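With our numbering, letter number 68 in the sequence shown gets 68, and the count goes up by one each step, no holes.
All C-beta atoms in this analysis are idealised placements derived from N, C-alpha and C, irrespective of residue type, glycine included.
Note that the structure is predicted; figures quoted are calculated from it, not measured.
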Amino acid sequence: MEEEKVWIVDDDKSIRWVLEKALGRAGISHRSFENAKQVLQAIAKSPPLVLITDIRMPGASGLELLDRIKADHPALPVIVMTAFSDLDSAVSAFQGGAFEYLAKPFDIEQALALIGRALAESEIKAPIRADAEVSGNSELLGQAPAMQDLFRAIGRLSQSSVSVLINGESGTGKELVARALHRHSARSKRAFVAINTAAIPKDLLESELFGHERGSFTGAQQQRKGRFEQAEGGTLFLDEIGDMPLDLQVRLLRVLQDGEYYRVGGHAPLKADVRIVAATHQDLHERVAQGLFREDLFHRLNVVRLHCPALRERREDIPLLAKHFLVKVSKDLGAEAKTLSAEALALLKDYPFPGNVRQLENMCHWLTVMNAGQVIAPSGLPPEVVRVDAATELSHDSSPSSSWLSALDRSFQAAVQRKEAEPGVGLTAEFERQLISSALHMTHGRRMEAAKLLGWGRNTITRKISELGLEDSLREQGL
1 MEEEKVWIVD
11 DDKSIRWVLE
21 KALGRAGISH
31 RSFENAKQVL
41 QAIAKSPPLV
51 LITDIRMPGA
61 SGLELLDRIK
71 ADHPALPVIV
81 MTAFSDLDSA
91 VSAFQGGAFE
101 YLAKPFDIEQ
111 ALALIGRALA
121 ESEIKAPIRA
131 DAEVSGNSEL
141 LGQAPAMQDL
151 FRAIGRLSQS
161 SVSVLINGES
171 GTGKELVARA
181 LHRHSARSKR
191 AFVAINTAAI
201 PKDLLESELF
211 GHERGSFTGA
221 QQQRKGRFEQ
231 AEGGTLFLDE
241 IGDMPLDLQV
251 RLLRVLQDGE
261 YYRVGGHAPL
271 KADVRIVAAT
281 HQDLHERVAQ
291 GLFREDLFHR
301 LNVVRLHCPA
311 LRERREDIPL
321 LAKHFLVKVS
331 KDLGAEAKTL
341 SAEALALLKD
351 YPFPGNVRQL
361 ENMCHWLTVM
371 NAGQVIAPSG
381 LPPEVVRVDA
391 ATELSHDSSP
401 SSSWLSALDR
411 SFQAAVQRKE
421 AEPGVGLTAE
431 FERQLISSAL
441 HMTHGRRMEA
451 AKLLGWGRNT
461 ITRKISELGL
471 EDSLREQGL
């Protein structure tokens, strides 16, 4: 009798049934278990080629099972699935050596494609296990695909100290991503130091970064440690790196190249054992083209690039985030948390949120303070949300077929109101990114087939993927 290639362990009978049927149709032999204990008893005799496990189960958890499996069978690919789509679960899974992280509910075709990749790579050693268990809660929340991609990337980077460049609009949570990278790294026991390079005057920024010696300039009455020295052994977060003056860009580049620096007025070099995480809301390619940012520094920082999606790109996360912030505010005020009515929540989901997650958090403060009742009705929402809804009612067809066009129209209007330069260019790029991503998911990464769906040639889709900066994201998704 043929050994089962894929093992499924989940206490939810319906999940086991769905995966069993899908694997059966695909001609892949399989076996199911209800808990980790059963798996550990069976695997002692003969391991499968791929193991799929839930995280939350009675008895030993999926992460505990993963730890045991990787200790005894390090080459066995383990796919971890969970309905609790949070950062800590994703990072714990990857630090434990998981092959991939699958958030429920999942698309069965994508799950099968993932299992196929795991089967193909079943002889390749899995990532190194982490020595420390991840703990603590994160405010970096989200169940949207873009956020799951971000969580997976943070998980994969947990064993590395490479430089990371974080892109994203203001208010999307770039510093939260930087803190998560630090918290889930081997440097987590040392300092996380943040500096906004756009908020400090040019004349003071050099001293802030590198420190100064006593008497090195007027007012320097004593030696002072800079941010590099404060972050020694840890992580230095350089926010709004795109606004850094060119002369300081040169000094930063030398630190990254040589691993040492000098205090202002100093003559003895200091060693720099610091992980650099930089962030910007600007297009650094454009800044380089304009001569405002050094290309060599850009490439030094851009070893790995992460994208923080705008809130309008992850509207399905608005209820989760709103609930989180309302609870957080209530704890700060020592009061019972307010809730949003279904109608009020629907209006929030339609609002463009030009200030992104930060704006939503501030709005939840406003809602808590300004509403007397526990349930917030549409009439209790801020005026700007009500105005947008009124304008929508007057100017948009409410039929389902026009909903995405309405959303596009609202996004364009919001971009114009924010006085963005050439808002149509940005929206067109977002539109094409989504089309390409959707087509590649439907064709399981086969670009010729995706190009045919889009009415393009192979060269066109390849060029657009490069121009839109999609390569890293698609690679993370296995596409």
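### residue 357 - DSSP class collapsed to helix/strand/coil
In the three-state DSSP reduction, residue 357 falls in the helix class (H, G or I).
### Query
So is residue 210 buried or exposed if we call it buried at 16+ other beta carbons inside 10 Å?
When all chains shown are included, residue 210 counts as buried.
### Query
Counting Cβ pairs, one atom from each stretch, are 3 or more of them under 8 Å apart for the segment 228-240 and the segment 195-213?
yes
### Nonlocal neighbours in the same chain, by C-beta distance under 6 Å from residue 213, ignoring five residues either side
223, 263, 265 and 266
### Query
Smallest Cα separation from residue 105: which of 184, 472 and 18?
18
### Task
For residue 439, I'd like the list of residues in its chain whose CB is within less than 6 Å of its CB, leaving aside the five on either flank, ordered along the chain.
450, 453 and 454
### Query
So residue 272 and residue 259 are in contact, right, with Cβ under 8 Å, and what is the actual spacing, rounded?
Your pair residue 272 and residue 259 checks out as a contact, with CB atoms roughly 6 Å apart and the cut at 8 Å.
### Message
Going by DSSP in three states, residue 523 sits in which element: helix, strand or coil?
### Response
There is simply no residue 523 to check, as the chain begins at 1 and stops at 479 in what is shown.
### Message
Runs of 3 residues minimum, wholly inside the segment 5-43: which ones carry the beta strand (DSSP E) assignment?
### Response
6-9 and 30-33
### Query
So what does DSSP say about residue 283, is it helix, strand or coil?
coil
### Query
Exposed or buried, which one is residue 7 when buried takes at least 16 other CB atoms within 10 Å?
buried
### Task
Out of 111, 78 and 227, point me to the one whose CA is closest to residue 509's CA.
No information on residue 509 is available, as it lies outside the stretch 1 to 479 that the chain covers here.
### Query
Between residue 343 and the rest of its own chain, which residues show a CB-CB distance below 6 Å, the 5 nearest in sequence each way excluded?
378
### Query
By Cβ distance, which residues of its chain are closer than 6 Å to residue 376, with the 5 residues on each side in sequence left out?
The residues are 338, 340, 344 and 367.
### Task
In angstroms with no decimal places, state the Cα-to-Cα distance between residue 76 and residue 115.
12 Å
### residue 461 - containing alpha helix (DSSP H), residue span
458-467
### Message
So for residue 254, helix, strand or coil by DSSP?
### Response
helix
### Straight-line Cα distance separating residue 80 from residue 52
6 Å
### Query
Going along the chain, which residues of its own chain have a beta-carbon closer than 6 Å to the beta-carbon of residue 309, five neighbours each way excluded?
If you ignore the 5 residues before and after residue 309, its C-beta comes within less than 6 Å of the C-beta of 146, all in its own chain and listed in chain order.
### Message
Does residue 428 pass the burial test, meaning 16 or more other C-beta atoms within 10 Å, or should it be called exposed?
### Response
The C-beta of residue 428 has fewer than 16 other C-beta atoms within 10 Å across all chains shown, which makes the residue exposed.
### Query
Would the beta-carbon of residue 113 fall within 8 Å of that of residue 102?
no
### Message
For residue 374 and residue 365, what's the separation of their Cα atoms in angstroms?
### Response
Residue 374 and residue 365 have their C-alpha atoms roughly 14 Å apart.
### Task
Give the C-beta separation of residue 232 and residue 277 to the nearest angstrom, bearing in mind that I take them to be a contact with Cβ-Cβ under 8 Å.
That belief does not hold up - the Cβ atoms of residue 232 and residue 277 are roughly 15 Å apart, past 8 Å.
### Message
At the level of alpha carbons, what is the spacing between residue 311 and residue 117?
### Response
32 Å
### Task
At 3 residues or longer, and completely inside the segment 50-129: list those beta strand (DSSP E) runs for me, N to C.
50-54, 78-82 and 100-103
### Query
Quick one: does residue 298 have its CB under 8 Å from some CB of chain B?
As a matter of chain content, chain B is missing from the structure shown, which is built from one protein chain.
### Task
Taking residue 151 as part of the alpha helix (DSSP H), name the residues at either end of that continuous run.
145-156
### Query
Per DSSP, residue 235 is paired with what?
192 and 275
### Message
Between which residues of its own chain and residue 170 is the CB-CB distance below 6 Å, once the five residues before and five after are set aside?
### Response
281
### Query
For residue 436, which three-state DSSP category applies?
helix
### Message
Let's test the definition: count the other Cβ atoms within 10 Å of the Cβ of residue 204 and tell me whether it reaches 16, buried, or not, exposed.
### Response
In summary, residue 204 is exposed, with fewer than 16 beta-carbon neighbours lying within 10 Å of its beta-carbon over all protein chains present.
#### Entry: Buried versus exposed, by CB contacts within 10 Å (16 or more), residue 184
buried
#### Entry: Residues that DSSP places opposite residue 339 in a beta bridge
Beta-bridge analysis with DSSP links residue 339 to 375.
### Task
Would you tell me roughly how many angstroms separate the C-alpha atoms of residue 482 and residue 36, rounded to the nearest one?
The shown model of the chain, from 1 to 479, leaves out residue 482, and the question about it has no answer.
### Task
Report buried or exposed for residue 82, applying the criterion of at least 16 other Cβ atoms within 10 angstroms of its Cβ.
buried
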